[in-house]
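A.B. asks: In my numbering, the protein residues as written are 274 to 393. Note that CB positions come from ideal geometry on N, CA and C, so glycine has one too. All values derive from a computational prediction rather than experimental measurement. My structure is below; once you've seen it, I'll send some questions.
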Amino acid sequence: MGFFSDTPSHPAGGDGQYPNRREVPRFSLIAVAVLREPESDTKISGRISELSRKGCYVDTLIALPEGTNLEVRISRDQGVFESLAKIIYVQSGMGMGLVFVNIANEQLKILDSWLEELSG
274 MGFFSDTPSH
284 PAGGDGQYPN
294 RREVPRFSLI
304 AVAVLREPES
314 DTKISGRISE
324 LSRKGCYVDT
334 LIALPEGTNL
344 EVRISRDQGV
354 FESLAKIIYV
364 QSGMGMGLVF
374 VNIANEQLKI
384 LDSWLEELSG
């Protein structure tokens, strides 16, 4: 039995640069996301389809390059979560995997409450 055997696979089915790399549980969540690239002030709207304590997957037709630093804002009925993030993989025409960076404590509390709700 492998280290990642009981965690969800990569959104594209396990191939690509980041197959089956899950350090924390990931949950399905439908929420609105607005991504902003601060240097160019580029804004992209998308939909969160997966969320974890370390990052999320955003469904969007427009993708920025891997390694791009972003500001992310996720909105749902239970409030708003904001954090800095970095794009760790891109699936052209489908979406992007983001890792959260330097999450503020009050934002982490919001994220944890959502994850607790989703795991229940």
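List the endpoints of the continuous alpha helix (DSSP H) containing asparagine 378.
C.D. replies: Run containing asparagine 378: 378 to 392, per the alpha helix (DSSP H) assignment.
A.B. asks: By DSSP, does serine 356 sit in helix, in strand, or in coil?
C.D. replies: In this structure, serine 356 counts as strand in the three-state DSSP scheme.
A.B. asks: From the DSSP secondary-structure annotation, give me the bridge partner or partners of glycine 319.
C.D. replies: Its beta-bridge partners are Ala306.
A.B. asks: Cα separation between valine 305 and glutamine 351?
C.D. replies: Between valine 305 and glutamine 351, the C-alpha separation is close to 12 Å.
A.B. asks: Which of the three DSSP states is assigned to asparagine 457 in this structure?
C.D. replies: Residue 457 lies beyond the range of the chain shown here (274 to 393); nothing can be said about it.
A.B. asks: Just verifying my parser: in three-state terms, what is the DSSP assignment at glutamate 344?
C.D. replies: Three-state DSSP puts glutamate 344 in a strand.
A.B. asks: Going by CA-CA distance only, name the one from Ile321, Tyr362, Gly366, Leu334 that's closest to isoleucine 347.
C.D. replies: Looking at the Cα atoms, Ile321 is the closest of the given residues.
A.B. asks: With the cut-off set at 9 Å, would you say leucine 337 and isoleucine 361 are in Cβ contact?
C.D. replies: Cβ atoms of leucine 337 and isoleucine 361: not closer than 9 Å.
A.B. asks: Exposed or buried, which one is leucine 343 when buried takes at least 16 other CB atoms within 10 Å?
C.D. replies: Buried, because 16 or more other Cβ atoms sit within 10 Å of the Cβ of leucine 343.
A.B. asks: Spatial neighbours of asparagine 375 within its chain, please: CB distance less than 6 Å, with the 5 preceding and 5 following residues excluded, ordered by chain position.
C.D. replies: Result list for asparagine 375: Leu357, in chain order.
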